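Undergrad: This is the structure I want to talk about, given as structure tokens.
Protein chains: 2
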Amino acid sequence: MSLALDPTAQDLLFREARTARTFTAEPVSDEQVRAIYDLVKYGPTAFNQSPLRITLIRSAEARERLLPHLAEGNRPKSAQAPLVAILSADNEFHEELPQLVPQAPALKDMFSERAVREQNAGLNAALQAAYFIIGVRAAGLAAGPMTGFDPAGVQKEFLDDDHTPLMIVNIGRPGESAWHPERSPRLDFEQVVTVL
Amino acid sequence: MSLALDPTAQDLLFREARTARTFTAEPVSDEQVRAIYDLVKYGPTAFNQSPLRITLIRSAEARERLLPHLAEGNRPKSAQAPLVAILSADNEFHEELPQLVPQAPALKDMFSERAVREQNAGLNAALQAAYFIIGVRAAGLAAGPMTGFDPAGVQKEFLDDDHTPLMIVNIGRPGESAWHPERSPRLDFEQVVTVL
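Those protein sequence lines, which keep their order, are chains A and B. If you're matching positions, the first sequence starts at 1 in UniProt numbering and goes up one per residue. If you're matching positions, the second sequence starts at 1 in UniProt numbering and goes up one per residue.
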């Protein structure tokens, strides 16, 4: 059973792509991030909520502020990556719903409770984080997503109470020994899928 | 700034792909789902946790049991879709870590607390749910992801206490008026991205 997506694209996005832990010095420009965003912004979210927010750590000063909040094993990765992105969920995403869903002005009222917004923002920003990782690969770059960091520390340093950090993504061209030569195994279809 | 991913693939996965609410009668086989899984299983998760589980609603009997748990507006969509998938997070994913990360047998102990597992499973299964949606599109099919359902009801009917339903995805070829002709707007780059 072959897929509609051509094999080169399958390799670029999934089969050959790997999580990088080292990077070359080749810079990643804001224009590249713009091209990535202009592709992955179309990925679906519930009611077009689009709660993902992206903080690019570009200056040396911002990077110095970030590193202490990372798990020790992750610091060299983010110290070396040409660009680092903090992906967060905007728990006040409902403020943008009139722009995002102009045909349903009352939609915003469905999200008057903060707890409901947090639950929605967490799930839908995670979907968008995955689209973003795919988008980095679509740009011919390697992504190094990480959850090993102090969320409260990162939130206090770079965000505010309304933005919950989900993950940090190192971005660049893969460097030397960017990954283990052998890929970790995946679960079998039968372990994952139940047919009723 | 052009992407490495060719424009046809960009259209298939993001730019032309839309969330479908009607479907043709053309069946979707288990082999197609297997091809989708064999692609998207490579999408990255933290520590290769791979907590996504997929329940395919194939029989008429299973579908009859599903429909009452859906928001009323979603029932016709899942009644008509050739195949419906319940995507859930396995909160006991740590049991599979020795298979998934054979080089780190102690990794399982990092996840001895259920609350930690639930948090990890929720985030990482959401990433995999997004990869799955991309995979459905990579197969040339349309996905109709939905969060409008009763999670407790679906969990009780089809899953168990260890599996938290995340979303339900209708799968098939798009039918008549499968989507609004006009696509909902997305946020501008400047609304989403902050450069520090």
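Don't be surprised by glycine CBs; every beta carbon is placed ideally from N, CA and C. This structure is a prediction, so every number in the text was calculated from the model and none was measured.
On a CA-only basis, which of B/E26, B/L3, B/E157, B/A20 is nearest A/A31? Give me that one, please.
TA: Looking up residue 31 of chain A in the first sequence gives position 31. Residue identity differs from the one stated: residue 31 of chain A is Glu in this sequence, not Ala. Cα-wise, what sits closest to A/E31 is B/L3.
Undergrad: Can we say the segment 24-40 of chain B touches the segment 131-151 of chain B, given the rule of at least three CB pairs closer than 8 Å?
TA: Judged by Cβ distances under 8 Å, the segment 24-40 of chain B makes contact with the segment 131-151 of chain B, as three or more pairs qualify.
Undergrad: Thinking just about the alpha-carbon of each residue, which of A/T45, A/H69, A/F23, A/S29 is nearest to the one in A/G172?
TA: Residue mapping note: residue 172 of chain A aligns to position 172 of the first sequence, counting from 1. Checked all of A/T45, A/H69, A/F23, A/S29; the closest Cα to A/G172 is A/F23.
Undergrad: What are the complete beta strand (DSSP E) segments, minimum 3 residues, inside the UniProt domain "Nitroreductase" (16-173) of chain A?
TA: 52-57, 83-90, 142-146, 163-172, all fully within the UniProt domain "Nitroreductase" (16-173) of chain A.
Undergrad: Cβ of A/G122 less than 9 Å from any chain B Cβ?
TA: Taking the first sequence and counting its residues from 1, the one referred to as residue 122 of chain A is at position 122. Chain B contact via Cβ: present.
Undergrad: List the residues of chain B that A/D30 touches, going by C-beta distances under 7 Å, in chain order.
TA: One-based indexing of the first sequence puts residue 30 of chain A at position 30. V195, listed in chain order.
Undergrad: List, in chain order, every chain D residue whose beta-carbon is nearer than 7 Å to that of B/N48.
TA: Here the protein chains are A and B, and chain D is not one of them.
Undergrad: Step through the CB atoms of chain B and report whether any lies within less than 9 Å of the CB of A/F158.
TA: By 1-based counting over the first sequence, the position of residue 158 of chain A is 158. With 9 Å as the cut-off, A/F158 counts as an interface residue toward chain B.
Undergrad: I need the boundaries of the alpha helix (DSSP H) containing A/P7, first residue and last residue.
TA: Indexing the first sequence from 1 puts residue 7 of chain A at position 7. From DSSP, the alpha helix (DSSP H) with A/P7 extends over 7-10.
Undergrad: List the residues of chain B whose Cβ lies closer than 9 Å to the Cβ of A/E113, in chain order.
TA: The sequence position of residue 113 of chain A within the first sequence is 113, counting from 1. Within chain B, no residue comes near A/E113; the closest Cβ sits about 16 Å away, beyond 9 Å.
Undergrad: Given this structure, state the Cα-to-Cα distance separating A/E113 from B/Q80, to the nearest angstrom.
TA: The residue you call residue 113 of chain A lines up with position 113 of the first sequence. The residue you call residue 80 of chain B lines up with position 80 of the second sequence. Looking at the two C-alpha atoms, the distance is approximately 33 Å.
Undergrad: Between which two residues does the alpha helix (DSSP H) holding A/F14 run?
TA: Counted from its first residue, the first sequence places residue 14 of chain A at position 14. Note, A/F14: premise wrong, no alpha helix (DSSP H); not H, not E.
Undergrad: Spatial neighbours of A/R137 within its chain, please: CB distance less than 7 Å, with the 5 preceding and 5 following residues excluded, ordered by chain position.
TA: Position 137 of the first sequence, counting from 1, holds the residue named residue 137 of chain A. Here the set comprises L12, L13, A17, A143.
Undergrad: Should A/G73 be labelled buried (16 or more other beta-carbon atoms within 10 Å of its own) or exposed?
TA: By 1-based counting over the first sequence, the position of residue 73 of chain A is 73. Classification of A/G73: exposed, given that the 10 Å Cβ count is below 16.
Undergrad: Inspect the beta-carbon positions of A/A85 and A/T55 and report whether they are closer than 9 Å.
TA: Reading the first sequence from its first residue, position 85 is the one you call residue 85 of chain A. Reading the first sequence from its first residue, position 55 is the one you call residue 55 of chain A. Cβ atoms of A/A85 and A/T55: closer than 9 Å.
Undergrad: Contact defined as beta carbons within less than 8 Å: I believe A/T164 pairs with A/A89. What is the distance between those atoms, to the nearest angstrom?
TA: On the first sequence, position 164 is the one that residue 164 of chain A refers to. On the first sequence, position 89 is the one that residue 89 of chain A refers to. Confirmed, about 5 Å.
Undergrad: Would you say the segment 58-77 of chain B touches the segment 150-166 of chain B, given that touching needs at least three Cβ pairs under 8 Å?
TA: Counting Cβ pairs under 8 Å, three or more are found: they touch.
Undergrad: If the cut is a Cβ gap below 8 Å, which residues of chain A does B/E96 touch?
TA: Counting from one through the second sequence, the residue named residue 96 of chain B turns up at place 96. Those are L187, Q191, listed as they occur along chain A.
Undergrad: Using the Cα positions of A/N124 and A/S50, report the straight-line distance between them to the nearest angstrom.
TA: Residue mapping note: residue 124 of chain A aligns to position 124 of the first sequence, counting from 1. Residue mapping note: residue 50 of chain A aligns to position 50 of the first sequence, counting from 1. If I take the Cα positions, the gap works out to 7 Å.
Undergrad: For A/F8, collect the residues of the same chain with a Cβ closer than 6 Å to its Cβ; drop the 5 residues on either side in sequence, then sort them by chain order.
TA: On the first sequence, residue 8 of chain A is found 8 positions in, with the first residue counted as 1. Note on residue identity: the sequence assigns Thr, not Phe, to residue 8 of chain A. Around A/T8: no qualifying Cβ.
Undergrad: In or out: B/V33 buried (at least 16 other Cβ within 10 Å) or exposed?
TA: If you number the second sequence from 1, residue 33 of chain B lands on position 33. Buried: at least 16 other Cβ atoms inside 10 Å.
Undergrad: Return the CA-CA distance between A/V116 and A/E176, expressed in angstroms with no decimal places.
TA: Residue numbering aside, residue 116 of chain A sits at position 116 when the first sequence is read from its first letter. Residue numbering aside, residue 176 of chain A sits at position 176 when the first sequence is read from its first letter. Each residue's Cα considered, the two are about 44 Å apart.
Undergrad: Using 9 Å as the threshold, is the C-beta distance between A/P27 and A/P105 below it?
TA: Here residue 27 of chain A refers to the residue found at position 27 when the first sequence is read from its first residue. Here residue 105 of chain A refers to the residue found at position 105 when the first sequence is read from its first residue. Result no, Cβ atoms of A/P27 and A/P105 do not sit closer than 9 Å.
Undergrad: Nearest CA to the CA of B/R53: which residue from B/V192, B/A126, B/M1?
TA: Position 53 of the second sequence holds residue 53 of chain B. Ranking the options by Cα distance to B/R53, first place goes to B/A126.
Undergrad: Check whether the Cβ atoms of A/Q99 and B/L187 sit closer than 9 Å, and answer yes or no.
TA: Here residue 99 of chain A is taken as the residue at index 99 of the first sequence, counted from 1. Here residue 187 of chain B is taken as the residue at index 187 of the second sequence, counted from 1. Taking 9 Å as the Cβ cut-off, A/Q99 and B/L187 qualify as a contacting pair.
Undergrad: Under 8 Å by Cβ, that's how I've got B/S78 and B/N170 pegged, so tell me the actual separation to the nearest angstrom.
TA: In the second sequence, counting from the first residue as 1, residue 78 of chain B sits at position 78. In the second sequence, counting from the first residue as 1, residue 170 of chain B sits at position 170. With a Cβ gap of about 6 Å, B/S78 and B/N170 count as contacting.
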